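Chemist: I have a structure here, written as structure tokens, and I will follow up with some questions on it.
Protein chains in written order, with the numbering used here: chain A, 649 to 936; chain B, 32 to 319.
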């Protein structure tokens, strides 16, 4: 059997030595590894550079280095922020933190902002208030379920339990969306309090969705929360078109809801795995 | 009761008015138990309940001394069981190693070095060491199924639940899978759901047939074959007394049912016993 000869430049002897001693990382390691896999000459050089025992140890180190998972930018950011690597991975695998979903959310925010150019100030404020808090609720619905998570069923039977996974993913989606919507709000300073009135409801509705997920599938929990929010917004709208939720009193009431929902989430955490809500599309199809 | 067993008593699960499991009782011990049954028999529901992905409406489970129907027991049970779902999903951007590493995180192996060692061990066990650095989306269907099996054995679980792992595999891949499952059945309980009677005949010391949400048979593969003793024969044409018959490669018709006098009886196979059992012959059901 012959080994194909490579025509590209060979790595330097010094680089091959570093490779043998597993001192290379990242792209350099991968480039040398690809070359060595097909270059008889470099394999012979490698053999000269290390004695058999050292070489075996070197290969083992090299194997470990090549196996090392390559985290994406978001996971690296979470690690930089101090999150443990396993928790960062669970958070980063949330389907609602993928660029496509966040892009959709940003698109909705931009759409709402563009509407402010054509709507009266109070109507525009109300549009923010209705739309923005529902984005993290939608994110919560999709971050733990079969719709977007390909490993949902494995996640469901994790000894970690549903609570920490739902909490990690939902809160990270909330923070990302607050960032997006916050940037959007900066673009409309003329809206005053209305431009940031979505913030407290976003947190409150997300916590309510998490609390309801103890008994309901996250998608159903989010649908219930969204419906309640719609009723709440309509009920607190005055006859003159202004919303109570856009006043300081209304905002303080929502802040109170944040505290209540937060306490409820903490107290309910142990019940998250007692009853697992049905959330398998195949079951929905087979059940009459 | 030996330590390494699972005992299920009177398990009931309904979806609305549809009863998926109507009082299932069975027990598993060390070795491979085959779970046979037609589509809609309740196999996946039973497996999901045992894997703690679903909760039953009624019934009791003793899983290696743990009650997985309590919140605490559910998390404990998840530590000792491995699960391969019917449709295992993968994050498309992951390599095989990264995926197994992620499953290790879900299984609460927090030490990174230990988790990576475990990932190497299980990938080696399923013969995928050489492709562990490849993206899962580039692997063949058989290799992906082996990655899913590797994920199920992360942490060396004492109970392994496999939902139709050989579906869609070619004969060579199925043979490889059989070898793997047979190895895994040494020293632990394996519950293998399948449509393939050949898999059960080749692998299982114990077989349970589920139909219409109830256990129709619980015994050895030899006893299931024996159901059809004296009820399998061949003839030139399909016999009117046969409940099923098909022309074989030899040109004769293989009949199962009530043979006419003087029929040329054949040695029954596991498939013959299974088909006769599902046909609901009351005489045979009584002998079960």
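Virtual Cβ for every residue (Gly too), placed ideally from N, Cα, C. Note that this is a predicted model, so its numbers are computed, not measured.
On the premise that residue 162 of chain B lies in contact with residue 174 of chain B, defined as a C-beta separation below 8 Å, what is that separation, rounded to the nearest angstrom?
Modeler: For the purposes of this step, residue 174 of chain B is taken as the residue at position 143 of the second chain. For the purposes of this step, residue 162 of chain B is taken as the residue at position 131 of the second chain. With 8 Å as the limit, residue 174 of chain B and residue 162 of chain B qualify as a contact, their Cβ atoms being about 7 Å apart.
Chemist: What number of angstroms, rounded off, separates the C-alpha of residue 920 of chain A from the C-alpha of residue 62 of chain B?
Modeler: By one-based count along the first chain, residue 920 of chain A stands at place 272. By one-based count along the second chain, residue 62 of chain B stands at place 31. One C-alpha to the other measures close to 33 Å.
Chemist: Sorted by chain position, which residues of the same chain lie with C-beta nearer than 8 Å to residue 201 of chain B's C-beta, five sequence neighbours on each side aside?
Modeler: Within the second chain, residue 201 of chain B is the residue found at index 170, counting from 1. If we look at residue 201 of chain B and ignore the five residues flanking it on each side, its Cβ neighbours are 173.
Chemist: Going by Cα to Cα distance, which pick from A:876, A:717, A:661 is closest to residue 165 of chain B?
Modeler: The count along the second chain starts at 1 and reaches residue 165 of chain B at position 134. Looking at the Cα atoms, A:717 is the closest of the given residues.
Chemist: Could you tell me the alpha carbon to alpha carbon distance between residue 909 of chain A and residue 915 of chain A, rounded to whole angstroms?
Modeler: Position 261 of the first chain, counted from the start, is the residue given in the question as residue 909 of chain A. Position 267 of the first chain, counted from the start, is the residue given in the question as residue 915 of chain A. Answer to the nearest angstrom: the Cα atoms are 10 Å apart.
Chemist: Is the beta carbon of residue 301 of chain B closer than 8 Å to that of residue 231 of chain B?
Modeler: If you number the second chain from 1, residue 231 of chain B lands on position 200. If you number the second chain from 1, residue 301 of chain B lands on position 270. Yes, the Cβ-Cβ distance between residue 231 of chain B and residue 301 of chain B is below 8 Å.
Chemist: Once DSSP output is grouped into helix, strand and coil, what is the label at residue 732 of chain A?
Modeler: Along the first chain, read from residue 1 onward, the residue named residue 732 of chain A stands at position 84. The answer is coil: DSSP assigns residue 732 of chain A none of H, G, I, E or B.
Chemist: Do the stretch 774-784 of chain A and the stretch 845-852 of chain A make contact, defined as three or more Cβ pairs closer than 8 Å?
Modeler: Yes, the stretch 774-784 of chain A is in contact with the stretch 845-852 of chain A.
Chemist: Buried or exposed: residue 285 of chain B, going by 16 or more other Cβ atoms within 10 Å of its Cβ?
Modeler: Counted from its first residue, the second chain places residue 285 of chain B at position 254. It is buried - the Cβ of residue 285 of chain B has at least 16 other Cβ atoms within 10 Å.
Chemist: Short check: CB of residue 77 of chain B to CB of residue 106 of chain B, under 8 Å?
Modeler: Stepping through the second chain from its first residue, residue 77 of chain B is reached at position 46. Stepping through the second chain from its first residue, residue 106 of chain B is reached at position 75. Contact flag unset, no.
Chemist: So the candidates are A:664, A:687, A:686; which of them puts its Cα closest to the Cα of residue 676 of chain A?
Modeler: Reading the first chain from its first residue, position 28 is the one you call residue 676 of chain A. For residue 676 of chain A, the nearest C-alpha among the options comes from A:664.
Chemist: From residue 180 of chain B to residue 157 of chain B, what distance separates their C-alpha atoms?
Modeler: Residue 180 of chain B sits at position 149 when you count from the first residue of the second chain. Residue 157 of chain B sits at position 126 when you count from the first residue of the second chain. Straight-line Cα distance between these residues: approximately 8 Å.
Chemist: Any beta carbon of chain B sitting closer than 8 Å to that of residue 832 of chain A?
Modeler: Residue 832 of chain A sits at position 184 when you count from the first residue of the first chain. Judged by the 8 Å Cβ criterion, residue 832 of chain A is not in contact with chain B.
Chemist: Note down, in chain order, all residues in the stretch 797-819 of chain A with a beta-carbon under 8 Å from any beta-carbon belonging to chain B.
Modeler: Listed by position, the residues of the stretch 797-819 of chain A near chain B (Cβ gap below 8 Å) are 797, 798, 799, 800, 801, 802, 803, 804, 805, 806, 807, 808, 809.
Chemist: For residue 148 of chain B and residue 128 of chain B, I'd like the C-alpha separation in whole angstroms.
Modeler: Position 117 of the second chain holds residue 148 of chain B. Position 97 of the second chain holds residue 128 of chain B. Near 10 Å, if we compare the C-alpha coordinates of residue 128 of chain B and residue 148 of chain B.
Chemist: Please classify residue 879 of chain A: is it buried, with 16 or more other beta-carbons within 10 angstroms of its beta-carbon, or exposed?
Modeler: Numbered from its first residue, the first chain carries residue 879 of chain A at position 231. Classification for residue 879 of chain A: exposed.
Chemist: Compute the distance between the beta-carbons of residue 37 of chain B and residue 94 of chain B, then report whether it is under 8 Å.
Modeler: Taking the first residue of the second chain as position 1, residue 37 of chain B is located at position 6. Taking the first residue of the second chain as position 1, residue 94 of chain B is located at position 63. Yes.
Chemist: Just curious, the beta strand (DSSP E) that residue 814 of chain A is in, first and last residue?
Modeler: Your numbering for residue 814 of chain A matches position 166 in the first chain. From DSSP, residue 814 of chain A is part of no beta strand (DSSP E) but of the alpha helix (DSSP H) over 810-834.
Chemist: With residue 92 of chain B as the anchor, note down where its beta strand (DSSP E) starts and where it stops.
Modeler: On the second chain, residue 92 of chain B is found 61 positions in, with the first residue counted as 1. From DSSP, the beta strand (DSSP E) with residue 92 of chain B extends over 89-94.
Chemist: When the distance is taken between beta carbons, is residue 66 of chain B closer than 8 Å to residue 324 of chain B?
Modeler: No answer is possible for residue 324 of chain B: it lies beyond the span of chain B, which begins at 32 and ends at 319.
Chemist: Drop a sphere of 10 angstroms on the beta-carbon of residue 729 of chain A, count the other beta-carbons inside from all chains shown, and report buried for 16 or more, exposed for fewer.
Modeler: Taking the first residue of the first chain as position 1, residue 729 of chain A is located at position 81. It is exposed - the Cβ of residue 729 of chain A has fewer than 16 other Cβ atoms within 10 Å.
Chemist: Contact between the stretch 132-151 of chain B and the stretch 730-738 of chain A: three or more CB pairs below 8 Å?
Modeler: Yes, the stretch 132-151 of chain B is in contact with the stretch 730-738 of chain A.
Chemist: With distances taken Cα to Cα, identify the nearest neighbour of residue 53 of chain B among B:241, B:109, B:114.
Modeler: Working through the second chain from its first residue, we reach residue 53 of chain B at position 22. Looking at the Cα atoms, B:241 is the closest of the given residues.
Chemist: Tell me the rounded alpha-carbon separation between residue 690 of chain A and residue 659 of chain A.
Modeler: Position 42 of the first chain, counted from the first residue, corresponds to residue 690 of chain A. Position 11 of the first chain, counted from the first residue, corresponds to residue 659 of chain A. Roughly 8 Å separates the two Cα atoms.
Chemist: Is DSSP giving residue 137 of chain B helix, strand or coil here?
Modeler: Working through the second chain from its first residue, we reach residue 137 of chain B at position 106. It is helical.
Chemist: List, in order along the chain, the chain B residues whose C-beta lies closer than 9 Å to that of residue 919 of chain A?
Modeler: Locating residue 919 of chain A in the first chain gives position 271, counting from the first residue. Result: 102.
Chemist: Going straight from the alpha carbon of residue 296 of chain B to that of residue 250 of chain B, what length do you get?
Modeler: One-based indexing of the second chain puts residue 296 of chain B at position 265. One-based indexing of the second chain puts residue 250 of chain B at position 219. Going from the Cα of residue 296 of chain B to the Cα of residue 250 of chain B covers about 24 Å.
Chemist: Relative to the alpha-carbon of residue 832 of chain A, which residue among A:669, A:776, A:712, A:867 has its alpha-carbon at the smallest distance?
Modeler: Position 184 of the first chain, counted from the start, is the residue given in the question as residue 832 of chain A. Here the closest residue by C-alpha is A:776.
Chemist: On a CA-only basis, which of B:304, B:85, B:266, B:89 is nearest residue 253 of chain B? Give me that one, please.
Modeler: Reading the second chain from its first residue, position 222 is the one you call residue 253 of chain B. Comparing Cα-Cα distances from residue 253 of chain B to each of B:304, B:85, B:266, B:89, the minimum goes to B:304.
Chemist: Compute the distance between the beta-carbons of residue 796 of chain A and residue 870 of chain A, then report whether it is under 8 Å.
Modeler: Along the first chain, one-based indexing puts residue 796 of chain A at 148. Along the first chain, one-based indexing puts residue 870 of chain A at 222. No; because the gap between Cβ atoms is not below 8 Å, this pair is not in contact.
Chemist: Do we get a CB-CB distance below 8 Å when we pair residue 90 of chain B with the residues of chain A?
Modeler: Residue numbering aside, residue 90 of chain B sits at position 59 when the second chain is read from its first letter. With 8 Å as the cut-off, residue 90 of chain B does not count as an interface residue toward chain A.
Chemist: Helix, strand or coil for residue 163 of chain B, going by three-state DSSP, please let me know.
Modeler: Residue numbering aside, residue 163 of chain B sits at position 132 when the second chain is read from its first letter. Looking at residue 163 of chain B - three-state DSSP - the assignment turns out to be coil, as it is neither helix nor strand.
Chemist: Examine chain A for any beta-carbon lying closer than 8 Å to the beta-carbon of residue 180 of chain B, and answer yes or no.
Modeler: Position 149 of the second chain, counted from the first residue, corresponds to residue 180 of chain B. Not one chain A Cβ lies under 8 Å of residue 180 of chain B.
Chemist: If you measure from the beta carbon of residue 41 of chain B to each beta carbon in chain A, is any gap under 8 Å?
Modeler: Within the second chain, the letter at position 10 stands for residue 41 of chain B. Closer than 8 Å: no.
Chemist: For residue 846 of chain A, report the span of its beta strand (DSSP E) as first-last.
Modeler: By 1-based counting over the first chain, the position of residue 846 of chain A is 198. Per DSSP, residue 846 of chain A belongs to no beta strand (DSSP E) and is neither H nor E.
Chemist: Would you mind sorting residue 906 of chain A into buried or exposed? The rule is 16 or more other CB atoms within 10 Å of its CB.
Modeler: Position 258 of the first chain, counted from the start, is the residue given in the question as residue 906 of chain A. Classification for residue 906 of chain A: buried.
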